[in-house]
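Working notes, beginning with the structure itself.
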Amino acid sequence: MASEDADDNVHGDTGGRDGTAPAQNAGGSSAAGAEPLDPKIAAAVAAAEAAGPSQGGTVRIDSWIWAVRLVKTRSLGAAACRGGHVHVNDERVKPAYSVRVGDEVRLRHEGRDRVVIVKRLIRKRVGAPVAVQCYIDNSPPPPPRESVAPAGLRDRGAGRPTKRDRRELERLRGLGGTGGVGGIGGPGGPSPGGLLGPGGRQAPGGPGGRPRSR
C-alpha cells in the first residue's frame, strides 16, 4: 500500500496517447464509447491523478470525499466519518479508511444522500468539472426546495409580522412556552421577583412582594 504522504508519486499509466487519462468504469477499465473530454478538463484530470497515489495505491476516505467536492472541508469529511455518515460498500468507515477504485461510497451530508462509485483516486481538491470525472454519481435526486425551506419564511411584501405572527414563529422554532411573549419573565409580562409598577419600575413591595426594611 502506498504511503498517504506520497503526493508526488506519478500514476503508472495515464492511458492516453496525448498524456490524458481515459475515462474508467467502476472496475477501473476504459469506458468504451465514452464522450471525449474537453482538453482542459482532461489535462486537469491527468494532473490530479498524477498528484495522487501510484498505481494500486489507495487514498483516505476523508481526503477523497473532500477532494471530489462531496464535502466543503477536509475536517467536515473526517467529522462525517466519525459521526457514522460515511459508508463504503455498505460498511461504516473511519476517516483513515483506504478507498479504492470501484468502491461504492455513501454519504449523508447537509440533508442529502450521495451515492457514488469511485472512478479515480485523487488527494488534492479539484474544480467541479474535474471532480465529476472522478466518480460515477448514483445519488437519488435532491429533495424539493419546499421540503427543506426553513420555518418562519414570509411572503414578499407581507410587511412586518404581528404579535400573533411572532408567537406562531416562536412556536414553530421551539421557543414558545411559559417564558414566551406575555408569559412570566417574557417581554411585556411580570418579572419573576414581583409585579412591575408603572414605567417598568419594581413595585413598592420589593422582590417577592415583601416590604422593604427602612
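Sequential numbering from -4 applies to the sequence shown in this note's numbering. No residue lacks a Cβ here, since even glycine has one placed at the ideal position from N, Cα and C.
Which class does I117 belong to by DSSP, given the choice of helix, strand or coil?
coil
Tell me the rounded alpha-carbon separation between V111 and L167.
36 Å
Would you mind stating whether A73 and H104 have Cβ atoms separated by less than 8 Å?
No; because the gap between Cβ atoms is not below 8 Å, this pair is not in contact.
Drop a sphere of 10 angstroms on the beta-carbon of P48, count the other beta-carbons inside from all chains shown, and report buried for 16 or more, exposed for fewer.
buried
Does DSSP put D108 in a helix, in a strand, or in coil?
strand
Have a look at the DSSP bridge pairing and note the partners of D132.
V111
From T68 to K158, what does the alpha carbon distance come to, in whole angstroms?
41 Å
Measuring CB to CB, does R107 end up less than 8 Å from P139?
no
Measure the Cβ-Cβ separation of R267 and C129 and say whether it is below 8 Å.
What the structure shows of the chain is the stretch from -4 to 209, and residue 267 is not part of that stretch, so it cannot be assessed.
Report the option in G154, L164, I131 and A38 whose CA atom is closest to the CA atom of R109.
I131
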